[in-house]
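Visitor: Supplied in structure tokens, the structure appears directly below.
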Amino acid sequence: MNSCVGSVTLKVLAQTLLKLKRSGLIMRQIIIRSPTGVEFCSTHLGFALAPTIRGLLRWAAVHVVEIEKAQARYDDAGRK
80 MNSCVGSVTL KVLAQTLLKL KRSGLIMRQI IIRSPTGVEF CSTHLGFALA PTIRGLLRWA
140 AVHVVEIEKA QARYDDAGRK
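Here's what the structure looks like:
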């Protein structure tokens with residue numbers, strides 16, 4: 080799993096998954112085996128959100144250069 084989440088700490092991942100579960104977007108299942116595992120999957124509510132997320136990703140892909148320029152301007156202003 081570590082290769083999938085990159086630089087996100089396990090604590091932050093756990094907190095995020097708990098918030099998504101609390102909001103009804105995912106559900107958690109305990110897998111009985113040795114060792115015991117946990118599996119998360121999307122709920123109907125989570126699946127309903129997928130088109131909106133895909134739209135946001137498309138928007139970000141179109142505007143990535145502008146976003147990076149804005150971030151650089153913000154970072155530069157913070158150093159002055």
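Counting in this note's numbering, the sequence shown runs from 80 upward without gaps. Note that the Cβ used here is the ideal one computed from N, Cα and C, for glycine as well. Since this is a predicted model, take the numbers as computed values, not measurements.
(1) Do the stretch 88-106 and the stretch 125-142 make contact, defined as three or more Cβ pairs closer than 8 angstroms?
(2) Locate the alpha helix (DSSP H) running through G157, then write down its first and last residues.
(3) First and last residue of the alpha helix (DSSP H) that includes R101?
(4) Hey, quick one: how far does the beta strand (DSSP E) through I109 stretch, first residue to last?
Guide: This is what the structure holds:
(1) yes
(2) H123 to G157
(3) L89 to R101
(4) I105 to I110
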